[in-house]
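Novice: Residues in the sequence shown are numbered from 1 upward in steps of one, following full-length UniProt numbering. Before I ask anything, let me first share the structure, which is written out below as structure tokens.
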Amino acid sequence: MHERMMIKDELERLRFLVSDRSLMLLPEYEQRVNVLKALKYIDESCAVQLKGRVACEISNHELIVTEMVFENVLTDLRPEEIVALLSCLVFQQKTQVEPELNEVLRKGIERIRGVAERIATLQRECSLRESVEDYVEQFKFGLVEVVYEWAQGLPFAEITRLTDVQEGIIVRCIQRLNETCRDVRNAARIIGDPTLNAKMEQASNLIKRDIVFAASLYTQ
1 MHERMMIKDE LERLRFLVSD RSLMLLPEYE QRVNVLKALK YIDESCAVQL KGRVACEISN
61 HELIVTEMVF ENVLTDLRPE EIVALLSCLV FQQKTQVEPE LNEVLRKGIE RIRGVAERIA
121 TLQRECSLRE SVEDYVEQFK FGLVEVVYEW AQGLPFAEIT RLTDVQEGII VRCIQRLNET
181 CRDVRNAARI IGDPTLNAKM EQASNLIKRD IVFAASLYTQ
């Protein structure tokens, strides 16, 4: 029975490989490979390079996180600033409240947008369809102030007053941020950056507290 299922799965895979849909996806696959080559994630023979190894450690938005690590966007920042800026990777909602940010955070946002724009421009040059604007705008910074203050030790009841985002969404974003901290910590380990590694450990500890990481109705 098991062998029959394996044969069936293999037949389905082969049917897909010769299908019109598979052939339609081939150009996009080749375009994405060209992006990886241009960014030096793989070489001309498609062998994985150091940046490619780092990207494999990232579970969400692999390209921009890897580029941020290699361009030292995060290393010189304090842990609470790093984790606040990384919230753009997990927050997807629109907010009507303009966050009040210090100069360091504002400059950090500018640098991240710059990295995103460079990636998006390269993708367009490699004939991928997504516009530069759409790629850049997917990174939303509406929770930067909230996460920054949470990492600074502000109570949950007080950070919810800083935004119009629902409490449950805030909780889930901070929980996902802890996973992002782990990913970046692993990336720092691979490239041999003990400073960033330690800061990501600290950042994780700063946000991993109280109601956000307690069993609650938000995570059921």
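In this text, a Cβ means the ideal position worked out from N, Cα and C, and glycines have one as well. Owing to the predicted nature of the structure, the values given are computational and were not obtained by experimental measurement.
Can you find the residues in the same chain that come closer than 8 Å, C-beta to C-beta, to ILE191, ignoring five residues on each side of it along the sequence?
Specialist: Within the sequence shown, numbered from 1, the residue matching residue 191 stands at position 191. Correct list, in chain order: LEU50, VAL54, VAL69 and PHE70.
Novice: Does DSSP put ILE42 in a helix, a strand or coil?
Specialist: The residue given as residue 42 occupies position 42 in the sequence shown. Strand.
Novice: Would SER87 and VAL147 qualify as a contact pair, given that the criterion is a beta-carbon distance under 8 Å?
Specialist: Along the sequence shown, read from residue 1 onward, the residue named residue 87 stands at position 87. Along the sequence shown, read from residue 1 onward, the residue named residue 147 stands at position 147. Here SER87 is near VAL147, since their CB atoms are less than 8 Å apart.
Novice: Does the segment 32 to 44 touch the segment 151 to 168, meaning 3 or more C-beta pairs lie closer than 8 Å?
Specialist: Under the Cβ criterion (8 Å, minimum of three pairs), the segment 151 to 168 does not count as touching the segment 32 to 44.
Novice: Consult DSSP for VAL35 and reduce its assignment to one of helix, strand or coil.
Specialist: Reading the sequence shown from its first residue, position 35 is the one you call residue 35. The answer is helix: DSSP assigns VAL35 an H, G or I state.
Novice: Beta carbon of VAL144, beta carbon of ALA116: below 8 Å?
Specialist: Here residue 144 refers to the residue found at position 144 when the sequence shown is read from its first residue. Here residue 116 refers to the residue found at position 116 when the sequence shown is read from its first residue. No, the pair does not count as a contact, with Cβ atoms beyond the cut-off.
Novice: What is the DSSP secondary structure of VAL90, counted as helix, strand or coil?
Specialist: By 1-based counting over the sequence shown, the position of residue 90 is 90. In the structure shown, the three-state DSSP call for VAL90 is coil.
Novice: Please state if the CB of PHE141 and the CB of GLN175 are separated by a distance shorter than 8 Å.
Specialist: For the purposes of this step, residue 175 is identified with residue 175 of the sequence shown, where counting begins at 1. For the purposes of this step, residue 141 is identified with residue 141 of the sequence shown, where counting begins at 1. Note that the C-beta distance between GLN175 and PHE141 is not below 8 Å.
Novice: Which residue comes first and which comes last in the alpha helix (DSSP H) that contains CYS56?
Specialist: Position 56 of the sequence shown holds residue 56. Unbroken run through CYS56: none, as it is neither H nor E.
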